[in-house]
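Working notes, structure below.
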Amino acid sequence: MAQVCQPPVPDTLTLPTGLPLRELRRMSIRPVTPSATPDASRTSGWLPQSPTLNNYTTWLGDLHIGHYFLNSLIVAVCTVLGNLLFCSMIGYALAKMDFPGERLLFGLVMVTLMVPGVVTFVPLFVLVAKMHMVNTYPAMILPFLASPLGVFLMRQFMVGIPDSLLEAARIDGAGQIRTFTRIVMPLCGPPLATLAILTFLGSWNNFLWPLVAAQTEDKYTLPVALALYSQGQYGTQYGLMLAGSVLVIAPIVALFMALQRFFVQGIATVGLK
């Protein structure tokens, strides 16, 4: 019996995401005017009237966005590496090691998912201040080296790894560390990629904690610089703000495009556990 070819189903997210990105691109190249509002830049075409790249040159030149980009990159990369290491270790312990209180510990991890991070900022800042780490990179990195979501992702994936593989490694004389590094971790590519994307995205877009922890301009990250420098003498400079937004989201889009196959595979695999 011949199969009927179904037409491809259009992606329902194309329109909701495409239109804001289109407006973002259009408004980022509009001329800078003191009294301009978002409605003032609307035209019937794909480009605003008298398009200009002055907003981008301002960020790349006068505002030195490269320095803030480097700060964000250092914080994001260190946070990702810490999450990949510590979340994997905790997930392995909860999935493949038997010890008293294992279920209780996993339950506590799940409970912390429901706690808003903002409520911890005051005690966290007091702790950072007592350790003399305010306005340093460690102050923006150390509090986020592990996450409950990362532990959950890694634990759920590792539960599905057959225990026979681990038993075979132990019979061959491998200890816990060697079993973890040589047997378990090579199988965890999809969840590691998923965790890396989610952690990088969260760290790159983090605004509140870097605003609290960074006291001087040389430690500002991209979201902080974007919020502070988009406010002009006559109010919000929308063209400058949206040009900065384009520069901020570009690395995120590139990262997702490069790792989207692993991201989808990792989410689907963990969801089936």
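Quick note on the UniProt record's numbering: the sequence shown kicks off at 1 and runs consecutively.
We treat Cβ as the ideally placed atom computed from N, Cα and C, and that holds for glycine.
Item	Value
Residue from Glu167, Leu195 and Gly117 whose Cα sits closest to the Cα of Leu85	Leu195
Host alpha helix (DSSP H) of Gly173 (start-end)	From DSSP, Gly173 is part of no alpha helix (DSSP H); its letter is neither H nor E.
CB of Ser203 within 8 Å of CB of Leu226, strictly	no
6 Å Cβ shell around Phe256 - same chain, five flanking residues per side excluded	none
According to DSSP, residues forming a beta bridge with Thr236	Gln231
Residues near Gly117 in its chain [Cβ-Cβ closer than 7 Å; skip 5 each side]	none
Three-pair Cβ contact test at 8 Å for the region 168-175 versus the region 55-71	no
Assigned exposure category for Thr179 - 16 Cβ within 10 Å defines buried	buried
Candidates Met158, Ile197, Phe200 and Trp209: closest to Leu187 by CA position	Met158
Cβ-based neighbour list, Gly91, same chain, cut-off 6 Å, excluding 5 preceding and 5 following	Val151, Met154, Arg155 and Met158
Beta-carbon contacts of Phe121 that lie in its chain and below 8 Å, excluding the five residues immediately before and after	Leu208, Trp209 and Val212
Cβ-Cβ distance between Ser230 and Leu240 below 8 Å	yes
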